[in-house]
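K.L.:
Numbering (our numbering), first residue to last: 269 to 588.
For each residue, glycine too, the CB sits at the ideal point set by N, CA and C.
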Ligand code: PMV
């Protein structure tokens, strides 16, 4: 049996503008994770067990664009499955091993915590190791990005990058990743609206705005990019107050991009009123999560203010 795990993630700064090559910052959230186990099996086929989403099925009974099936299909077709494995099926001339795959995840789905990327990364690692072809981080990251593209249209690649490397990153699409040096660890309270919000929709809507007035939106994305650069400096020098103000500015620009929502705005205000240094939505927006930067001793008060303002759950994490 081979096991692998991958964490959740939050985007700290720069979502949406990152799709247009501006920098963004993101960090792993290791309190939540996707766990995958792959084992040889006597039963013919590749069986997937994901009790959290009530999935118990043989690979070929699932549509090929199913988020989990597509990872396995692509992996088996695109990588060289070792010919020495016990083989049971023939499909397009390729024979596959008999496998039992168990998937469990504590990352809420479609909430901006990177659940899809985490399942993909853990699956790729477990499958490739089990089949004696362990993938490097670079291979896992590149493969996971191809999978994100299948499901999200024009993703920037930030989700798969943070989830693969499990480090806070400064990310520019298409450029080598840079790890952030955190000057002084900082505490983030995450508040979940409980409203699922497909990233593909908000990314598509921002694209429509951009297509209708490129000059205006390029200007907005530039401002977001400047905020992300300043945020990197503030993180590296441990200036929390500045970092909080930059979060507030980033949230205002996300509101302008129409990706906030009354629920997100309510949580952002509640966090600020409860003493957060700054707050913003995180990820695709419309629903999903917001984040608040807090002094550690204020974390509990901010978390309970978020619950009173309608958050379905909160999570406190320290970025180091
Ligand atoms: O909703 P999430 O956390 O997967 O984040 C999406 C981030 C976007 O910038 C909106 C899209 C992307 O591909 O980077």
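1) Taking only the alpha-carbon atoms, compute the straight-line gap between residue 433 and residue 405 and give it to the nearest angstrom.
2) Should residue 570 go down as buried or exposed, given a rule of 16 or more other Cβ atoms within 10 Å for buried?
3) Straight-line CA distance for residue 384 to residue 562?
4) For residue 395 and residue 306, I'd like the C-alpha separation in whole angstroms.
5) So, under 8 Å CB-CB, residue 553 and residue 522 are touching, yes? Tell me the CB distance rounded to an integer number of Å.
6) Can you find the residues in the same chain that come closer than 6 Å, C-beta to C-beta, to residue 271, ignoring five residues on each side of it along the sequence?
7) I'd like to know if the stretch 533–540 and the stretch 564–580 are in contact, where contact means that at least 3 CB-CB pairs between them fall below 8 Å.
8) Helix, strand or coil: which one does DSSP assign to residue 458?
9) One question on the structure: do residue 445 and residue 560 come within less than 8 Å of each other, judged by their Cβ atoms?
10) Does DSSP classify residue 503 as helix, strand or coil?
11) Would you mind working out which of 513, 400, 418 sits nearest residue 308, comparing C-alpha positions?
12) Does residue 475 come out as helix, strand or coil in the three-state DSSP assignment?
13) Relative to ligand 3, is the shortest distance from any of its heavy atoms to the C-beta of residue 301 smaller than 7 Å?
14) State the CB to CB distance for the pair residue 274 and residue 390, rounded to an integer number of angstroms; the pair is presumed to be in contact (CB under 8 Å).
15) Does the beta-carbon of residue 281 have 16 or more other beta-carbons within 10 angstroms, so that it is buried, or is it exposed?
16) What are the partner residues of residue 525, as DSSP defines its beta bridges?
17) What separation, rounded to the nearest whole angstrom, lies between the Cα atoms of residue 466 and residue 416?
18) Among 531, 462, 365, 514, which one has its Cα closest to the Cα of residue 380?
19) Can you tell me where the beta strand (DSSP E) with residue 322 in it begins and where it stops?
20) On the DSSP bridge assignment, give the partners of residue 550 in chain order.
21) Once you ignore the five residues that flank residue 533 on each side, which residues in its own chain have a CB closer than 8 Å to its CB?
22) Can you confirm whether the stretch 539–550 touches the stretch 503–512 when touching is taken to mean that 3 or more C-beta pairs between the two stretches lie within less than 8 Å?
23) Beta strand (DSSP E) containing residue 308: first to last residue?
P.N.:
Concretely, from the data shown:
1) One-based indexing of the chain shown puts residue 433 at position 165. One-based indexing of the chain shown puts residue 405 at position 137. Rounded to whole angstroms, residue 433 to residue 405 spans 7 Å at the Cα level.
2) Against the chain shown, residue 570 aligns to sequence position 302. Under this definition residue 570 is a buried residue.
3) In the chain shown, the residue the question calls residue 384 occupies position 116. In the chain shown, the residue the question calls residue 562 occupies position 294. Distance from the CA of residue 384 to the CA of residue 562, rounded to the nearest whole angstrom, comes to 28 Å.
4) Here residue 395 refers to the residue found at position 127 of the chain shown. Here residue 306 refers to the residue found at position 38 of the chain shown. Approximately 6 Å between the Cα atoms of the pair.
5) By one-based count along the chain shown, residue 553 stands at place 285. By one-based count along the chain shown, residue 522 stands at place 254. Yes, they are in contact, since the Cβ atoms of residue 553 and residue 522 sit about 6 Å apart, within 8 Å.
6) On the chain shown, position 3 is the one that residue 271 refers to. Cβ neighbours of residue 271 beyond the five flanking positions: 305.
7) The stretch 533–540 makes contact with the stretch 564–580, as at least three CB pairs between them are under 8 Å.
8) Residue 458 sits at position 190 when you count from the first residue of the chain shown. Three-state DSSP puts residue 458 in a strand.
9) Taking the chain shown and counting its residues from 1, the one referred to as residue 445 is at position 177. Taking the chain shown and counting its residues from 1, the one referred to as residue 560 is at position 292. Going by C-beta atoms, residue 445 is not nearer than 8 Å to residue 560.
10) Counting from 1 along the chain shown, the entry for residue 503 is found at position 235. Of the three classes helix, strand and coil, the one that applies to residue 503 here is helix, per DSSP.
11) Looking up residue 308 in the chain shown gives position 40. Ranking 513, 400, 418 by Cα distance to residue 308 puts 400 first.
12) Translated into the one-based positions of the chain shown, residue 475 becomes position 207. Helix, per DSSP.
13) As presented, the structure is devoid of ligand 3, carrying ligand 1 as its sole ligands.
14) Taking the chain shown and counting its residues from 1, the one referred to as residue 274 is at position 6. Taking the chain shown and counting its residues from 1, the one referred to as residue 390 is at position 122. That belief holds up - the Cβ atoms of residue 274 and residue 390 are roughly 4 Å apart, short of 8 Å.
15) As a working mapping, residue 281 is identified with position 13 in the chain shown. Taking every protein chain shown into account, the CB of residue 281 has 16 or more other CB atoms within 10 angstroms, so this residue is buried.
16) As a working note, residue 525 is residue 257 in the chain shown. In the DSSP assignment, residue 525 is bridged to no other residue.
17) Indexing the chain shown from 1 puts residue 466 at position 198. Indexing the chain shown from 1 puts residue 416 at position 148. Each residue's CA atom was taken as its position, placing residue 466 and residue 416 some 13 Å apart.
18) Taking the chain shown and counting its residues from 1, the one referred to as residue 380 is at position 112. Ranked by Cα distance from residue 380, the options 531, 462, 365, 514 are led by 462.
19) Mapped onto the chain shown, residue 322 falls at position 54. For residue 322, there is no enclosing beta strand (DSSP E), as DSSP marks it with neither H nor E.
20) Numbered from 1 along the chain shown, position 282 holds the residue referred to as residue 550. Beta bridge pairing from DSSP links residue 550 with 557.
21) The residue you call residue 533 lines up with position 265 of the chain shown. Same-chain partners within the cutoff: 523.
22) Contact holds: three or more Cβ-Cβ distances are below 8 Å.
23) Along the chain shown, one-based indexing puts residue 308 at 40. Its beta strand (DSSP E) spans residues 292–308.
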